[in-house]
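Here's the structure, in structure tokens; my notes come after.
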Amino acid sequence: MNVRPDQLPHNDFYRMLISTVAPRPIAWVSTLNHGHLNLAPFSFFNVVSAKPPMLGFSPALRLVHDKPAPKDTLRNIRETGEFVVNLVTFAAAEAMNITSGEYESSVDEFELAKLTARPSLLVRPPQVAESPVSFECKLNRIIDFGTEPGSSSLVIGEIVCVHFEDGVLKEGRLDPDALDLIGRMGGTQYSRTVQRFDMKRP
9 MNVRPDQLPH NDFYRMLIST VAPRPIAWVS TLNHGHLNLA PFSFFNVVSA KPPMLGFSPA
69 LRLVHDKPAP KDTLRNIRET GEFVVNLVTF AAAEAMNITS GEYESSVDEF ELAKLTARPS
129 LLVRPPQVAE SPVSFECKLN RIIDFGTEPG SSSLVIGEIV CVHFEDGVLK EGRLDPDALD
189 LIGRMGGTQY SRTVQRFDMK RP
């Protein structure tokens, strides 16, 4: 069976896409604009470059009063050029899920999900203190893919500082066994990264 995106309704192909490209890491992105804190998760996310160090994630347009509108995260980054990508652990999964809701821009998701805002070193948006790893980023570029609901933009940020909790470091190096990160699957399903295996490259 072959499937062509142009022959399926968008929602049907979207469901197929997110169920097969999995598990996807989650960027828990904190932004700040006009004194308002914002925090939201995005599962279209990954590292896009090691030198210079770059992260990328894709927020989709949403419907507001029957018109396509950018999410607060995207709007804040366009205006300030700064954001923090926090990694999500299994222990923080419920709090992350709370921040995934559609809220007014005046709502502080840190407060809503009972999370702690930790000051960043080089950017204004705070880190999520409950996250073991936080990447402070300066905007490099935004690539817009469309103007209709469901379309998205690719936000690429250069990492200018990384915060590691002491508990994930062992003799000064990152200990993968100390990270209980989660990934997004299709629908309402998530996965954990506690089961792993090693393979030597040829």
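For the sequence shown, the working numbering begins at 9 and goes up steadily by one.
Positions of the beta carbon are idealized from the N, C-alpha and C atoms, including for glycine.
Sub-7 Å separation of GLU138 and ALA100 beta-carbons: Counting from one through the sequence shown, the residue named residue 138 turns up at place 130. Counting from one through the sequence shown, the residue named residue 100 turns up at place 92. Judged by beta-carbon spacing, ALA100 lies within the 7 Å limit of GLU138, meaning their Cβ atoms are closer than that value.
Option in SER114, GLY180 and VAL136 with minimal Cα separation from HIS44: Locating residue 44 in the sequence shown gives position 36, where the first residue counts as 1. In this structure, SER114 is the residue among SER114, GLY180 and VAL136 with its C-alpha nearest to the C-alpha of HIS44.
With 16 other Cβ atoms within 10 Å as the buried cut-off, status of VAL29: In the sequence shown, counting from the first residue as 1, residue 29 sits at position 21. Around the beta-carbon of VAL29, fewer than 16 other beta-carbon atoms lie within 10 Å, marking it exposed.
Outcome for PRO60 when other beta-carbon atoms lying within 10 angstroms are tallied against a minimum of 16: In the sequence shown, residue 60 corresponds to position 52, counting from 1. PRO60 should be labelled exposed.
Buried versus exposed call for THR124 [16 or more other C-beta atoms within 10 Å across all chains shown]: Your numbering for residue 124 matches position 116 in the sequence shown. Looking at its Cβ environment, which holds fewer than 16 other Cβ atoms inside 10 Å, THR124 is exposed.
Rounded separation between GLY180 and LEU16 - CA only: Here the question's residue 180 lines up with position 172 in the sequence shown. Here the question's residue 16 lines up with position 8 in the sequence shown. Cα to Cα, the separation comes out at about 50 Å.
Through-space distance from PRO76 to ASN19, alpha-carbon basis: Numbered from its first residue, the sequence shown carries residue 19 at position 11. Numbered from its first residue, the sequence shown carries residue 76 at position 68. If I take the Cα positions, the gap works out to 16 Å.
Close-in-space but distant-in-sequence residues of the same chain around PHE91 (CB under 8 Å, 5 per side omitted): Here residue 91 is taken as the residue at index 83 of the sequence shown, counted from 1. Result list for PHE91: VAL37, SER38, THR39, THR81, ASN84, ILE85, VAL131, PRO133, CYS145, LEU147, VAL163 and GLY165, in chain order.
Integer-rounded CB distance, given that VAL141 should sit under 8 Å from LEU95: The residue you call residue 95 lines up with position 87 of the sequence shown. The residue you call residue 141 lines up with position 133 of the sequence shown. Indeed they touch by this definition, with Cβ atoms about 5 Å apart.
LEU162: first and last residue of the uninterrupted beta strand (DSSP E) it sits in: In the sequence shown, counting from the first residue as 1, residue 162 sits at position 154. Looking at the DSSP string, the run of the beta strand (DSSP E) that includes LEU162 is 161-172.
Span of the beta strand (DSSP E) around ASN148: Within the sequence shown, residue 148 is the residue found at index 140, counting from 1. Counting along the chain, the beta strand (DSSP E) containing ASN148 begins and ends at 141-152.
Beta-carbon proximity check, ARG32 vs SER51, cutoff 7 Å: Mapped onto the sequence shown, residue 32 falls at position 24. Mapped onto the sequence shown, residue 51 falls at position 43. Taking 7 Å as the cut-off, the beta carbon of ARG32 is found closer than this to the beta carbon of SER51.
Straight-line gap, LEU129 to VAL168 (C-alpha atoms, nearest Å): Taking the first residue of the sequence shown as 1, we reach residue 129 at position 121. Taking the first residue of the sequence shown as 1, we reach residue 168 at position 160. In a straight line, the C-alpha of LEU129 is about 9 Å away from that of VAL168.
Where the alpha helix (DSSP H) containing GLY22 begins and where it ends: The sequence position of residue 22 within the sequence shown is 14, counting from 1. Note that residue 22 corresponds to Tyr in the displayed sequence, not to Gly. Residues 18-28.
Among PRO127, PRO49 and LEU63, nearest to GLU102 - alpha-carbon criterion: As a working mapping, residue 102 is identified with position 94 in the sequence shown. Each of PRO127, PRO49 and LEU63 was checked against the Cα of GLU102, and the nearest Cα belongs to PRO49.
First and last residue of the uninterrupted beta strand (DSSP E) at MET62: Reading the sequence shown from its first residue, position 54 is the one you call residue 62. Secondary structure note for MET62: its beta strand (DSSP E) is the uninterrupted segment 61-65.
Distance, VAL170 Cα to ASN46 Cα: The residue given as residue 46 occupies position 38 in the sequence shown. The residue given as residue 170 occupies position 162 in the sequence shown. A direct Cα-to-Cα measurement between ASN46 and VAL170 gives close to 20 Å.
Residue span of the beta strand (DSSP E) that contains THR39, given as start and end: The sequence position of residue 39 within the sequence shown is 31, counting from 1. Where THR39 is concerned, the enclosing beta strand (DSSP E) starts and stops at 35-41.
Buried or exposed (CB count within 10 angstroms, at least 16 for buried), ASN41: Counting from 1 along the sequence shown, the entry for residue 41 is found at position 33. Under the 10 Å beta carbon count, ASN41 is surrounded by 16 or more other beta carbons and is classified as buried.
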